Amino acid sequence: QVELVESGGGLVQPGGSPRLSCAASGSTFSITSAGWYRQAPGKRRELVATITTSGHSMHYADSVKGRFTISRDNANNHMVYLQMNSLKPEDTAGYYCYVEDYYRDRFWGQGTQVTVSS
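All letters in the sequence shown, in the order written, are residues 6 to 123 by our numbering.
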């Protein structure tokens, strides 16, 4: 079992650059890939970014490509980060991190709200 806790959300002005963090605990030795989803009210859940176990390969949704960067620190609580730059109001959503383990089970954090507004 892996537990995840996100942090770093809040109210951000358009153009802002917050960084979301996701800290893992529990059976962290089994963690493989990781990523971030987001969901806004009335909209479908969107896969924002993924990162491989090694951290050498990342993929992004077209809507955030060039603005968001996913990274991880396997030596530090298997932290997973989402650096968000040039935020737009349409980036407003609940952001959820996940990790997968060797058995392809997926574990989720509780989510952190990001609201982009002036």
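Cβ coordinates follow ideal geometry from the N, Cα and C atoms, glycine included.
Please read all numbers here as calculations on a predicted model, not as lab measurements.
- Going by DSSP, E105 is part of the beta strand (DSSP E) stretching over 98-106.
- At the C-beta level, R43 and G99 come within 8 Å of one another.
- For V85, the uninterrupted beta strand (DSSP E) segment begins and ends at 84-89.
- If you compare the alpha carbons of L9, L25, S59 with that of G15, the shortest gap goes to L25.
- For V119, the uninterrupted beta strand (DSSP E) segment begins and ends at 117-121.
- A54 has its alpha-carbon roughly 20 Å from the corresponding atom of T33.
- In this model, H64 and N82 are separated by some 22 Å (Cα to Cα).
- S35 sits in a helix when the DSSP states are folded into three classes.
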